[in-house]
Each structure stands twice: as C-alpha cells, then as structure tokens.
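Comments concern the structure below.
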Amino acid sequence: MLAQLRTRTTQIREFIDKGEFAAVYVPAFQAKDLALALDEHRRDLTDEKQKIVEPAVQKVVRSAYLLDAFATSATSSRFSRRTRSSRPP
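To convert, note that position 76 of the sequence shown is 841 in the working numbering; the numbers rise steadily by one, no gaps.
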C-alpha cells in the first residue's frame, strides 16, 4: 500500500508540473483511499508509531480534498478566461 501511495504522489506531482490540474483529483482521491486503508491497520502498531500514522493519514485526506478544490478552481478559471477571450467584442 505504501508503494501505491508513493505512486499516487508521483502522479499528482507530474500532473501539477504539467499544469494538468483537472487530472489531479483521480490520484488524489486514490491516495486518500489508500491512506484510510492503512489507517485501519493503525491499531496493530505500537503507540509511538500510531502517533506518527494518525496525523499523516489526516494530512493525506485533507490534502486530497484541497488538491481537488484547487484543481476545480484552476480548471474553471481557465475555462472562464477561454470563454471570455473567444467572445466577439
């Protein structure tokens, strides 16, 4: 699962670097699902490791929603600019 999470992180970074914001939400929500699946195994860890895993999972989940919101905003902003620029004067 950790390898899959790393893969999603790489995909997200590549989409952002290319400016392909509309594509970010798929790997972002896949990463969220993977983090939540990992969280289900948290109780098998020592207390010390649980203290590390819990905030990490929360960060991934929060980041997925923020990335999706940013991607949606960036995509609709770009669409609005194109629509305005294609209108006749």
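Built from N, CA and C at the ideal position, the CB exists for glycine as well.
E785 (DSSP reduced to helix, strand or coil): coil
Spatial neighbours of D833 in its chain, beta-carbon cut-off 8 Å, leaving aside the 5 residues before and after: V789, Y790, A793, F794
Enclosing alpha helix (DSSP H) for L801 [first to last residue]: 790-804
Residue from G784, K797, E779 with nearest C-alpha to Q769: K797
Straight-line Cα distance separating L803 from G784: 30 Å
Contacts around A821, its chain only, beta-carbon distance under 8 Å, and the 5 residues preceding and following it disregarded: A800
Beta carbon of V818 nearer than 7 Å to that of R808: no
DSSP three-state assignment for T837, whether helix, strand or coil: helix
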